[in-house]
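Engineer:
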Amino acid sequence: MKNEEVTPKKEYANSLKETQTSPIREMSAAPALMAKALPNKDFTRKKKLPFETVMQLLISMGGNSIYKELLESQAMT
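Here the UniProt record's numbering is used: the first residue of the sequence shown is 1, the next is one more, and so on.
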């Protein structure tokens, strides 16, 4: 693996990514607080895409359809 220099641009990008992912991790740790209808029932079954992945996808979506965005996010295109 190459030893890469941390540039101010990379440092800013990493900081921005952490600023974005930190609240998502906090929300996924207590999904019952995010549920509107049934706090003890919602978000309890096993999902194909975890809460964090769905939130990251929604935040980073471009102008494509959800189908295309899902394919891109899973590196299938």
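Each residue gets a CB set at the ideal place from its N, CA and C atoms; glycine is no exception.
Use the C-beta contact count for M34: other C-beta atoms within 10 angstroms, 16 or more gives buried, fewer gives exposed.
Structural biologist: Exposed: under 16 other Cβ atoms inside 10 Å.
Engineer: From S73 to V6, what distance separates their C-alpha atoms?
Structural biologist: Their backbone Cα atoms lie some 25 Å apart in a straight line.
Engineer: Just checking, does the segment 6-26 make contact with the segment 48-68 on the three C-beta pairs under 8 Å criterion?
Structural biologist: Yes, since at least three Cβ pairs between the segment 6-26 and the segment 48-68 fall closer than 8 Å, the two stretches touch.
Engineer: Among residues of its own chain, excluding the 5 on either side of N64, which ones have a beta-carbon nearer than 6 Å to its beta-carbon?
Structural biologist: Closer than 6 Å at the Cβ level, and outside the excluded window around N64, lies no residue.
Engineer: Where Q56 and S28 are concerned, what is the direct C-alpha to C-alpha distance, given to the nearest angstrom?
Structural biologist: Cα to Cα, Q56 sits roughly 12 Å from S28.
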